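Chains as they are written, first to last, in this note's numbering: chain A, 1 to 45; chain V, 1001 to 1467.
Note that CB positions come from ideal geometry on N, CA and C, so glycine has one too.
This structure is a prediction, so every number in the text was calculated from the model and none was measured.
Notes follow once the structure below has been shown.
What follows is the structure, given as structure tokens:
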């Protein structure tokens, strides 16, 4: 049986149009390539 | 085409950069994996497994954030799921990483230029957030109304559908929840939350259905009678006198109605058949009589024609005024004339006049006509004198009408009676009928030009001409 309160906690407010900048800035843009580059550069040092 | 992460030069098939010598083997593997995730995401998006597509595309971007195609597709999938702001964020980042020849810029421009669409999307997002807050505050009824508006306004907002379905299930409106979840599945087949909620809703609907059937079954009572099982409905009522009476009454009414609707038309048809036969007989009789009437009419026409023909034939013998009457007066005139010297010539003349009145011209037989002419000539002179005397007396008394009649008669019996001609002309003069007067004066001159009356006639003609 679904518990309403538990399920309700899974819902989050959706970002509004004015929040686009925050959403963009909130992105974690570190990818695997960055990790490799950093690892390689650290190894070289 | 791949580029070196260290120097930015194009890479070859080698595992190191031919330009700077950096090891690019792992780098290449990562990029291949990123592309593989992108391909999987694309395949899932194509079969509308949007949740699965989002996972793969995000994985692709975690491996290689500059994968423009993956980021653009992720934006499109977010947009399709109603998460427009997330979509815009992906496209902004995509445009940031690849400024040229990037369709993400077109997507952003389309949304920016369409203010109505953007406003509508933003409004629905705000209302969704409002509905979510209402739910968290326990105002489920109000939240339900708000969320209904949201899904009507922006049917692609999956989260709104899911939240509304959750609210409806809380109120045990499982069929309503099922409708919302089906709509979610139409947009996103891979939505796990929707699948979970849908299963729960269907289970509850099945339970309700079973309960309903169970109640129906309880409505019957099973009785074990030896080896026989008797199932008796619980709601069965005992027949009372009133119900028996009502049943009989209903039966009678039904019987009457059946009689009326089934037997009625048969009876009507039979009546119609009899009436049709009578009508047919009547028509035959009428036709027979019409034929008789036609025959009789033809006979009447024939007889009328015969009658007219005979009448015409008779007229040729009788004349319109009856020639037999003329014959009678002719015989009377002969009878009177046959008396010899004692015969009254005026009476003979009167009879001959009667013959004229009845149409002397109608006497067809020559013998009779000859007798008529002989009589008229024989008595002519003396009768003419007699008429002349009567005319002259009337002329003296200025009774010109009588004078005119008598003078004409006198001339009729004796056309060379100069005196009668002269005074007839004078009578016309007195009546101022100068043409006739001149005509008869000329006759006088022709018959007796040197006589006294002839001279007088010449003088009168001169007077008439002088006028």
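Host alpha helix (DSSP H) of residue i (start-end)
i	result
residue 1096 of chain V	1084-1097
residue 1105 of chain V	1103-1113
residue 1434 of chain V	1434-1447
residue 1148 of chain V	1140-1153
residue 1402 of chain V	1400-1413
residue 946 of chain V	Here chain V has residues from 1001 to 1467 only, and residue 946 of chain V is not among them.
residue 1067 of chain V	Neither: residue 1067 of chain V is in no alpha helix (DSSP H) and is coded neither H nor E.
residue 1161 of chain V	1158-1170
residue 1262 of chain V	From DSSP, residue 1262 of chain V is part of no alpha helix (DSSP H); its letter is neither H nor E.
residue 1054 of chain V	1050-1063
residue 1047 of chain V	Careful: residue 1047 of chain V lies outside any alpha helix (DSSP H) and carries neither H nor E.
residue 1374 of chain V	1366-1378
Under the three-state DSSP convention, the category residue i falls into
i	result
residue 1343 of chain V	coil
residue 1274 of chain V	helix
residue 1240 of chain V	coil
residue 1189 of chain V	coil
residue 27 of chain A	coil
residue 41 of chain A	helix
residue 1467 of chain V	coil
residue 11 of chain A	coil
residue 1293 of chain V	helix
residue 1338 of chain V	coil
residue 1451 of chain V	coil
residue 16 of chain A	coil
residue 22 of chain A	helix
residue 1397 of chain V	coil
residue 1137 of chain V	coil
residue 1 of chain A	coil
residue 1200 of chain V	helix
residue 1312 of chain V	helix
residue 1081 of chain V	coil
residue 1353 of chain V	helix
residue 1173 of chain V	coil
Alpha-carbon to alpha-carbon, residue j and residue i
i	j	result
residue 1416 of chain V	residue 1448 of chain V	9 angstroms
residue 1093 of chain V	residue 32 of chain A	17 angstroms
residue 1313 of chain V	residue 1441 of chain V	46 angstroms
residue 1293 of chain V	residue 1274 of chain V	28 angstroms
residue 1334 of chain V	residue 1428 of chain V	35 angstroms
residue 1327 of chain V	residue 1336 of chain V	14 angstroms
residue 1007 of chain V	residue 27 of chain A	26 angstroms
residue 1332 of chain V	residue 1368 of chain V	13 angstroms
residue 1410 of chain V	residue 1306 of chain V	46 angstroms
residue 1131 of chain V	residue 1180 of chain V	16 angstroms
residue 23 of chain A	residue 1065 of chain V	16 angstroms
residue 1061 of chain V	residue 1067 of chain V	6 angstroms
residue 1096 of chain V	residue 1102 of chain V	10 angstroms
residue 1127 of chain V	residue 1156 of chain V	14 angstroms
residue 1393 of chain V	residue 1406 of chain V	10 angstroms
residue 1207 of chain V	residue 1090 of chain V	44 angstroms
residue 15 of chain A	residue 1118 of chain V	13 angstroms
residue 1055 of chain V	residue 1041 of chain V	8 angstroms
residue 1259 of chain V	residue 1285 of chain V	38 angstroms
residue 1483 of chain V	residue 1203 of chain V	As shown, chain V starts at 1001 and ends at 1467. That puts residue 1483 of chain V outside it, with no answer to give.
residue 1139 of chain V	residue 1075 of chain V	33 angstroms
residue 1063 of chain V	residue 1108 of chain V	25 angstroms
residue 1353 of chain V	residue 1421 of chain V	20 angstroms
residue 1506 of chain V	residue 1373 of chain V	The shown model of chain V, from 1001 to 1467, leaves out residue 1506 of chain V, and the question about it has no answer.
residue 1002 of chain V	residue 1178 of chain V	48 angstroms
Residues bridged to residue i (per DSSP)
i	result
residue 1010 of chain V	V:1003
residue 1023 of chain V	V:1016
query = What residues from the region 1176-1195 of chain V come within 7 angstroms of chain A, judged by C-beta to C-beta, listed N to C?
reply = Taking 7 angstroms as the Cβ-Cβ cut-off against chain A, none of the residues of the region 1176-1195 of chain V qualify.
inquiry  = Counting only Cβ-Cβ distances shorter than 7 angstroms, please list the residues of the region 12-23 of chain A near chain V, keeping chain order.
reply    = Residues passing the 7 angstroms Cβ filter: 13, 14, 15, 16, 17, 19, 20 and 23.
ask   = Which of the residues in the region 1071-1083 of chain V, read from start to end, lie with their CB under 9 angstroms from any CB of chain A?
value = Per Cβ criterion, the list reads 1082 and 1083.
ask   = According to a CB-to-CB cut-off of less than 9 angstroms, which residues of the region 1151-1176 of chain V neighbour chain A?
value = Contacts with chain A (Cβ-Cβ distance below 9 angstroms) from the region 1151-1176 of chain V involve 1157, 1159, 1160, 1162, 1163, 1166, 1167, 1169 and 1170, listed in chain order.
key: Residues of the region 1118-1129 of chain V with Cβ closer than 8 angstroms to any Cβ of chain A, in chain order   = Cβ contacts with chain A: 1118, 1121, 1122, 1125, 1126, 1128 and 1129.
ask   = In the region 1024-1042 of chain V, which residues sit with their C-beta less than 7 angstroms from some C-beta in chain A, listed in chain order?
value = Listed by position, the residues of the region 1024-1042 of chain V near chain A (Cβ gap below 7 angstroms) are 1026, 1027 and 1030.
ask   = Between the region 1005-1026 of chain V and chain A, which residues of the former have a C-beta closer than 8 angstroms to a C-beta of the latter?
value = Here the close residues are 1005, 1006, 1022, 1023 and 1026.
inquiry  = Against chain A, which members of the region 1090-1114 of chain V pass a CB distance test of less than 7 angstroms?
reply    = Of all residues in the region 1090-1114 of chain V, 1092 and 1093 have a Cβ within less than 7 angstroms of some Cβ in chain A.
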